[in-house]
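Residue numbering for the sequence shown follows this note's numbering, starting at 4 and increasing by one per position. Accompanying notes for the structure given below.
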Amino acid sequence: MFNFDEIMIKKCFELARHAGRDTFLNPLVGAVLCDFEGNILSTGYHKKYGEAHAEVNCINSYSGDFSKTILYVSLEPCSHYGKTPPCADLIIEKGIPKVVVSTLDPNPIVSGRGIEKLKQAGVEVKVGVLEDEGRALNKVFFKNILSGKPYVATKIATTLDGKIATLSGSSKWITGAQAREYVRNIRSSFWGIMSASGTILADNSNLTCAVPLTRIILDNSHKIPSDFNVFKENGSRIIYVSNSRRNLPSHIEQIEFENYEKLFLDLYELKIPSVLVEAGAGLNSRLIKEGQIDYLYQFIASKIAGKGISYSDENNISDINNSKKLKFLGSKFIGEDILLEAEFVV
Ligand code: AOF
Ligand code: ZN
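This is how it looks when you write it as structure tokens:
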């Protein structure tokens with residue numbers, strides 16, 4: 004069914020996505036200004052962290068009369084003085100009579116106050132248009148603000164019978180070249196890439212990507228030799244995580260590991276909003292067990308390995324009703340393999 008509010012909010016989502024990585028630590032937000040006949044008068048989006056919000060960019064690109072306009076925004080207009088003044092004040096000052104919003108802002112300094120401020124000033128407000136999509140668009144921001152931790156995804160390649168390697172550890176390659184190429188796209192949408200000593204020792208991978216990802220290296224007991232590729236300086240940040248400090252070159256930051264909860268809190272403090280885990284059974288098992296993973300990218304190859312290693316072997320669940328639950332979000336062919344995407348249910 005034709006629903007004009009939904010069409011306009013979808014347009015806001017599209018605009019918001021133009022920003023990509025530049026909004027770093029802030030949400031992706033888009034805005035559209037329409038007249039009462041449904042004509043679009045102006046659009047805007049939040050382009051860069053610290054710069055003008057979507058609403059400001061949209062409102063300031065229109066110079067006509069605002070008395071018969073509707074402002075569509077993918078996130079609740081803010082009510083606070085941050086790096087920029089409150090968007091709600093600008094909306095009121097311009098005399099915009101109606102605002103349609105997808106989701107409330109989870110940021111506790113805003114959260115409902117923006118809407119309240121608008122209503123108090125007599126602005127008609129509608130909230131909740133395509134709310135699930137609005138939250139999904141900013142899943143990283145929601146996780147960051149609500150938990151103080153990065154959004155964490157894991158990328159895993161398995162055989163059809165769920166193995167990441169044979170019993171002898173052979174895993175090159177489970178998936179085909181196209182799937183491995185696709186992983187580069189996935190990596191580039193994250194800020195940090197996390198791996199652990201077992202995987203790094205086996206692959207001597209440099210954990211790099213087309214965009215400068217922060218390499219997060221978990222290495223209790225200092226097992227990775229310091230001449231390994233992962234320590235090489237290439238302009239991107241390196242965070243070394245271990246149970247004790249190590250004498251390493253100064254371009255490498257260090258975190259002392261206590262537990263995973265603390266580690267992720269520390270990583271967000273270090274301004275890492277999202278992390279992609281690329282590791283083996285040990286790290287994946289522990290993170291899954293502790294509920295630290297939000298999202299799963301599982302590439303499934305049309306191969307059967309028989310006895311082998313699963314990515315969650317350390318989770319000893321005897322009653323199937325106590326399994327970790329996920330929600331499937333979609334699947335598609337990548338070359339001869341299938342990519343399955345799912346969200347962990349909390
Ligand atoms: C954005 N862009 O389009 C909207 C945001 O420090 P400030 O002033 O940039 O405020 C950042 C907060 O403003 C952010 O955490 C979110 O709660 C709210 N809304 N932020 O960067 C926008 N609408
Ligand atoms: Zn704002």
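Note that beta-carbon positions come from the ideal geometry of N, C-alpha and C, so glycine has one too. Note that the structure is a prediction, hence the values are computed from the model and not measured.
{"Asked": "Other residues of its chain near residue 233: CB distance less than 8 Å, five sequence neighbours each side excluded", "Found": "198, 203, 207, 208, 209, 210, 218, 220, 227 and 241"}
{"Asked": "Cβ shell of residue 41 (< 8 Å), same chain only, five flanking positions each side left out", "Found": "7"}
{"Asked": "Simplified DSSP state of residue 231, which is helix, strand or coil", "Found": "coil"}
{"Asked": "Contact check, residue 107 vs residue 127, beta carbons under 7 Å", "Found": "no"}
{"Asked": "Segment limits, alpha helix (DSSP H) that includes residue 267", "Found": "263 to 272"}
{"Asked": "Top-ranked residue by Cα proximity to residue 179, from 170, 162, 312 and 27", "Found": "162"}
{"Asked": "Where residue 249 falls: helix, strand or coil (DSSP)", "Found": "coil"}
{"Asked": "Residue closest to residue 170, alpha-carbon to alpha-carbon, out of 99, 149, 314 and 265", "Found": "314"}
{"Asked": "Contact set, the ligand ZN heavy atom to C-beta under 5 Å", "Found": "56, 81 and 90"}
{"Asked": "Contained alpha helix (DSSP H) runs [length at least 4] in the region 291 to 319, N- to C-terminal order", "Found": "none"}
{"Asked": "Opening and closing residue of the beta strand (DSSP E) in which residue 218 lies", "Found": "217 to 221"}
{"Asked": "Alpha carbon of residue 28 to alpha carbon of residue 254, nearest angstrom", "Found": "23 Å"}
{"Asked": "Residue 312 versus 304, 285, 330 and 320, residue with shortest Cα-Cα distance", "Found": "285"}
{"Asked": "Buried versus exposed, by CB contacts within 10 Å (16 or more), residue 301", "Found": "buried"}
{"Asked": "Beta-carbon proximity of residue 138 to residue 82, cut-off 7 Å", "Found": "no"}
{"Asked": "Element boundaries [beta strand (DSSP E), containing residue 78]", "Found": "72 to 78"}
{"Asked": "Option nearest residue 96 by Cα separation, candidates 69, 114 and 60", "Found": "69"}
{"Asked": "Opposing strand residues paired with residue 37 [DSSP bridges]", "Found": "43 and 73"}
{"Asked": "Identified DSSP bridge partners for residue 4", "Found": "According to DSSP, residue 4 bridges with nothing at all."}
{"Asked": "heavy atom of the ligand AOF below 6 Å from residue 49 C-beta", "Found": "yes"}
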